[in-house]
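Residue numbers (UniProt numbering), protein chains in the order written: chain C, 1 to 148; chain U, 1 to 148.
Virtual Cβ for every residue (Gly too), placed ideally from N, Cα, C.
Predicted, not measured: the structure shown is a model, and the values here were computed from it.
Here the structure comes first, spelled out in structure tokens, and everything after it is commentary.
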DNA sequence: AATTTTATTTGCAAAATACAAATATAAATT
DNA sequence: AATTTATATTTGTATTTTGCAAATAAAATT
């Protein structure tokens with residue numbers, strides 16, 4: 001049997017690299033962490049600070065400062081939540097949505113290119129495999145449970 | 001069709017988290033970056049500084065300083081290369097090997113646990129899928145070519 | 001021999017990180 | 001209702017990480 005971890009390590013390294021490369025779009029340049037923050041804000045609907053920080057497994061104080069930067073860059077908006085005034089709801093500004101969408105397009109473009117080297121059947125199998133993997137990881141009790 | 005990037009993002013986030021969690025073993029505590037460095041030194045046989053930095057897509061100056069730290073921690077050894085005195089060969093010390101092995105064990109343990117939620121057939125399919133994916137990513141010309 | 005290239009390190013300033021403490025508000029307890 | 005406890009977020013501060021530019025040193029090329 002091949003080394004399982006090695007397979008994962010190579011895959012995630014490549015995907016991580018792709019993520020890093022996709023951080024500069026249309027003249028705007030953001031860090032990898034910031035790109036992940038935009039992604040999560042977009043994915044979760046009207047999340048609070050704490051929710052996004054949790055989803056990214058990020059220290060809340062570091063996260064708070066990153067959000068301050070993103071607000072200054074006019075990519076993220078912080079809205080007080082009337083029902084609980086401790087909480088701020090995060091959302092993407094128009095510009096933030098644009099950046100997130102551009103990154104998403106570029107990522108999917110690359111992934112399509114990768115899948116173009118496979119048959120349709122292989123592609124379906126790979127995607128189903130990843131989905132299965134994600135489900136099983138979610139079930140696992142060894143680590144990282146609280147998240148997701 | 002589901003969102004392909006989303007699938008990858010979730011998977012790599014989980015795996016990244018696992019990597020982070022596996023950074024403290026047997027009383028020794030290292031950073032995620034340092035864990036990756038140990039892993040690559042172990043994987044490549046007698047690599048130079050530049051080779052490992054390239055494999056990790058890391059800035060060589062940052063890498064140089066990380067190596068200094070790891071040498072001080074007695075996890076990595078730097079050996080001058082006689083045939084080209086500009087070059088240093090990196091290797092793991094006994095302690096470094098121990099840490100890397102412990103991390104590897106822990107990672108594989110978790111992965112086994114994840115796969116225990118699948119049938120043997122599913123497991124084989126998933127592993128073959130990842131291998132195929134890695135091959136196709138290597139073939140791809142869109143990004144990240146120089147590496148690997 | 002002189003120039004160019006490659007490998008690595010250091011100077012330096014900016015950015016990221018995380019612990020502890022502060023603040024503000026909500027929820028629970030007395 | 002007043003007090004305590006818990007939760008969400010920010011700030012103080014010190015450490016670590018990062019990466020560009022420049023320095024150094026040794027090989028390769030001209």
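Just checking: is the beta-carbon of residue i within a distance shorter than 8 Å of some beta-carbon in chain C?
i                     : result
residue 95 (chain U)  : no
residue 104 (chain U) : yes
residue 140 (chain U) : yes
residue 48 (chain U)  : no
residue 61 (chain U)  : no
residue 8 (chain U)   : yes
residue 131 (chain U) : yes
residue 147 (chain U) : Confidence is the limiting factor: at residue 147 (chain U) the pLDDT is only 48, short of 50, which leaves the residue's position unreliable and the question unanswerable from this model.
residue 111 (chain U) : yes
residue 126 (chain U) : yes
Rounded to a whole number of angstroms, what is the C-alpha to C-alpha distance between residue i and residue j?
i                     : j                     : result
residue 141 (chain U) : residue 71 (chain C)  : 35 Å
residue 91 (chain U)  : residue 19 (chain C)  : 29 Å
residue 122 (chain U) : residue 129 (chain C) : 8 Å
residue 73 (chain C)  : residue 99 (chain C)  : 12 Å
residue 103 (chain C) : residue 112 (chain U) : 33 Å
residue 44 (chain U)  : residue 37 (chain U)  : 11 Å
residue 139 (chain C) : residue 83 (chain U)  : 52 Å
residue 76 (chain U)  : residue 63 (chain U)  : 13 Å
residue 127 (chain U) : residue 108 (chain U) : 13 Å
residue 134 (chain U) : residue 6 (chain C)   : 11 Å
residue 97 (chain U)  : residue 93 (chain C)  : 48 Å
residue 118 (chain C) : residue 13 (chain C)  : 21 Å
residue 28 (chain U)  : residue 120 (chain U) : 35 Å
residue 106 (chain U) : residue 23 (chain U)  : 10 Å
residue 56 (chain C)  : residue 40 (chain C)  : 8 Å
residue 114 (chain C) : residue 15 (chain U)  : 21 Å
residue 54 (chain U)  : residue 25 (chain U)  : 26 Å
Drop a sphere of 10 angstroms on the beta-carbon of residue i, count the other beta-carbons inside from all chains shown, and report buried for 16 or more, exposed for fewer.
i                     : result
residue 35 (chain C)  : buried
residue 66 (chain U)  : buried
residue 60 (chain U)  : exposed
residue 81 (chain C)  : exposed
residue 79 (chain C)  : exposed
residue 3 (chain C)   : exposed
residue 9 (chain U)   : buried
residue 32 (chain C)  : exposed
residue 124 (chain U) : exposed
residue 46 (chain C)  : exposed
Going along chain C in order, which residues have a C-beta closer than 9 Å to the C-beta of residue i?
i                    : result
residue 23 (chain U) : Chain C residues near residue 23 (chain U): none, gap ~12 Å exceeds 9 Å.
Is the CB of residue i under 8 Å away from at least one CB in chain U?
i                     : result
residue 65 (chain C)  : no
residue 122 (chain C) : yes
residue 86 (chain C)  : no
residue 4 (chain C)   : yes
Can you pull the chain U residues whose beta carbon is under 9 Å from the beta carbon of residue i, in chain order?
i                     : result
residue 16 (chain C)  : 12, 16, 57
residue 114 (chain C) : 133, 136, 137, 139, 140, 142
With DSSP as the reference, label residue i as helix, strand or coil.
i                     : result
residue 77 (chain C)  : strand
residue 127 (chain U) : helix
residue 38 (chain C)  : helix
residue 149 (chain C) : With chain C covering 1 to 148 only, the question about residue 149 (chain C) has no answer from this structure.
residue 32 (chain C)  : helix
residue 146 (chain U) : Note on residue 146 (chain U): pLDDT 47, under 50, position unreliable in the model; no value is reported.
residue 111 (chain U) : helix
residue 91 (chain U)  : strand
residue 48 (chain C)  : strand
residue 186 (chain U) : With chain U represented from 1 up to 148, any question about residue 186 (chain U) goes unanswered, as that position is not in the structure.
Which bits of chain C does residue i rub up against, with CB to CB less than 8 Å?
i                    : result
residue 39 (chain U) : 9
Which residues of chain C have a Cβ atom closer than 7 Å to the Cβ of residue i, listed in chain order?
i                     : result
residue 108 (chain U) : 4, 5
Along chain U, in chain order, which residues have C-beta atoms closer than 8 Å to that of residue i?
i                     : result
residue 118 (chain C) : 132, 136
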